[in-house]
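So the structure is just underneath, and the comments pick up after that.
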Amino acid sequence: DSGVTQTPKHLITATGQRVTLRCSPRSGDLSVYWYQQSLDQGLQFLIQYYNGEERAKGNILERFSAQQFPDLHSELNLSSLELGDSALYFCASSVGPSYGYTFGSGTRLTVV
Amino acid sequence: AQSVTQLDSQVPVFEEAPVELRCNYSSSVSVYLFWYVQYPNQGLQLLLKYLSGSTLVKGINGFEAEFNKSQTSFHLRKPSVHISDTAEYFCAVTFTSGNTPLVFGKGTRLSVIA
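Keeping their order, the protein sequence lines are chains A and B.
Residue numbering for the first sequence follows the numbering used here, beginning at 1374 and increasing consecutively.
Residue numbering for the second sequence follows the numbering used here, beginning at 63 and increasing consecutively.
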């Protein structure tokens, strides 16, 4: 157990639907990062939050949004889902850049 | 912006043989470097990191990596691999200043053959 909890582990949904992925960071970590992992694109950074505020944005689609709540858990919302959104979505947390990240076990999203 | 190139997408190696997984980065400023391992159906786990100082860093599971600033490389090595080392390995980089997210290479699939 890495200390970063992601739910659900698996999600199967239809095109056009909306889903929410949840992440609880490791205790004491203020930063939360979301990454998308696919076979062709590798690990792509989506968005970072630090203590409730958005800190950095990567290649995140407008159909995707995220937030970090006062208790530091984070949610990634994916809407108007397309087949190409099928991927593994990872959450990671950190106390700072020199410490590296602690990753959750991921949510495997399948859009059918 | 920084970038990472992992030169080999797949590396097959026999059990108990040595292995080197190559990583090159591109950045005009100081960086922190990391190697992560991903076992099937799991998240990424930190193997080792280079922050500053000694260019040879040791990590978990007998892995080590050498930072070479002139060649902008951070290759991962293990003198004798085990079947259990079969996994995907990712090199990652971030700037030492600011709070920029980690940028990952596309990964190297290490397959250890009995």
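Virtual Cβ for every residue (Gly too), placed ideally from N, Cα, C.
If you're wondering where the values come from, they're calculated on a predicted model, not measured in any experiment.
Enclosing beta strand (DSSP E) for residue i [first to last residue]
{"i": "Phe-96(B)", "result": "93-100"}
{"i": "Arg-1391(A)", "result": "Taken as a continuous stretch (DSSP letters only), Arg-1391(A) belongs to no beta strand (DSSP E), as it is neither H nor E."}
{"i": "Ala-1465(A)", "result": "1460-1467"}
{"i": "Ser-114(B)", "result": "First-last for Ser-114(B): undefined, no H or E at that position."}
{"i": "His-1446(A)", "result": "Segment: none, His-1446(A) is in no beta strand (DSSP E) and carries neither H nor E."}
{"i": "Gln-64(B)", "result": "Segment: none, Gln-64(B) is in no beta strand (DSSP E) and carries neither H nor E."}
{"i": "Val-81(B)", "result": "81-83"}
{"i": "Ser-1404(A)", "result": "1404-1411"}
{"i": "Gly-1415(A)", "result": "1415-1423"}
{"i": "Ala-1429(A)", "result": "1426-1430"}
{"i": "Thr-134(B)", "result": "Unbroken run through Thr-134(B): none, as it is neither H nor E."}
Nearest-angstrom Cβ-Cβ length linking residue i and residue j, presumed shorter than 8 Å
{"i": "Leu-1449(A)", "j": "Phe-1463(A)", "result": "So it is not a contact: roughly 10 Å between Cβ atoms."}
{"i": "Gly-1401(A)", "j": "Val-1468(A)", "result": "6 Å"}
{"i": "Gln-1421(A)", "j": "Leu-1461(A)", "result": "In fact, because the Cβ distance is near 18 Å, the residues do not count as touching under 8 Å."}
{"i": "Leu-172(B)", "j": "Asp-147(B)", "result": "6 Å"}
{"i": "Glu-150(B)", "j": "Gly-169(B)", "result": "5 Å"}
{"i": "Ile-145(B)", "j": "Val-165(B)", "result": "Not really, about 31 Å apart at Cβ, beyond 8 Å."}
{"i": "Ser-1408(A)", "j": "Ala-1465(A)", "result": "With the sequence shown as reference, residue 1408(A) is identified as Tyr, and Ser is not the correct amino acid for it. At roughly 7 Å, the Cβ-Cβ gap stays under 8 Å, so Tyr-1408(A) and Ala-1465(A) are in contact."}
Assigned exposure category for residue i - 16 Cβ within 10 Å defines buried
{"i": "Phe-152(B)", "result": "buried"}
{"i": "Arg-1399(A)", "result": "buried"}
{"i": "Gln-72(B)", "result": "exposed"}
{"i": "Gly-1479(A)", "result": "buried"}
{"i": "Thr-1475(A)", "result": "buried"}
{"i": "Leu-1412(A)", "result": "exposed"}
{"i": "Val-1485(A)", "result": "exposed"}
{"i": "Asp-1458(A)", "result": "buried"}
{"i": "Val-66(B)", "result": "buried"}
{"i": "Gln-133(B)", "result": "exposed"}
{"i": "Tyr-101(B)", "result": "exposed"}
{"i": "Pro-1381(A)", "result": "exposed"}
Inter-residue spacing [alpha-carbon to alpha-carbon] between residue i and residue j
{"i": "Val-143(B)", "j": "Asn-123(B)", "result": "10 Å"}
{"i": "Val-99(B)", "j": "Leu-106(B)", "result": "6 Å"}
{"i": "Thr-1483(A)", "j": "Ala-127(B)", "result": "36 Å"}
{"i": "Ser-1447(A)", "j": "Arg-139(B)", "result": "36 Å"}
{"i": "Ser-89(B)", "j": "Ser-1452(A)", "result": "35 Å"}
{"i": "Leu-95(B)", "j": "Pro-74(B)", "result": "24 Å"}
{"i": "Gly-1389(A)", "j": "Ala-1439(A)", "result": "18 Å"}
{"i": "Ile-1433(A)", "j": "Ala-79(B)", "result": "41 Å"}
{"i": "Ser-1404(A)", "j": "Thr-162(B)", "result": "11 Å"}
{"i": "Pro-1443(A)", "j": "Glu-1426(A)", "result": "10 Å"}
{"i": "Ser-114(B)", "j": "Phe-1418(A)", "result": "25 Å"}
{"i": "His-1383(A)", "j": "Gln-1441(A)", "result": "21 Å"}
{"i": "Cys-85(B)", "j": "Phe-129(B)", "result": "10 Å"}
Any C-beta of chain C under 8 Å from that of residue i
{"i": "Ser-1447(A)", "result": "This model lacks chain C altogether; the protein chains it does include are A and B."}
Three-way DSSP call (helix, strand, coil) for residue i in this model
{"i": "Pro-141(B)", "result": "coil"}
{"i": "Asn-123(B)", "result": "helix"}
{"i": "Gly-1457(A)", "result": "helix"}
{"i": "Pro-163(B)", "result": "coil"}
{"i": "Pro-74(B)", "result": "strand"}
{"i": "Ser-1471(A)", "result": "helix"}
{"i": "Ser-146(B)", "result": "helix"}
{"i": "Arg-171(B)", "result": "strand"}
{"i": "Thr-158(B)", "result": "coil"}
{"i": "Gly-1477(A)", "result": "coil"}
{"i": "Gln-107(B)", "result": "strand"}
{"i": "Ser-88(B)", "result": "strand"}
{"i": "Ile-1433(A)", "result": "coil"}
{"i": "Ala-1439(A)", "result": "strand"}
{"i": "Val-1484(A)", "result": "strand"}
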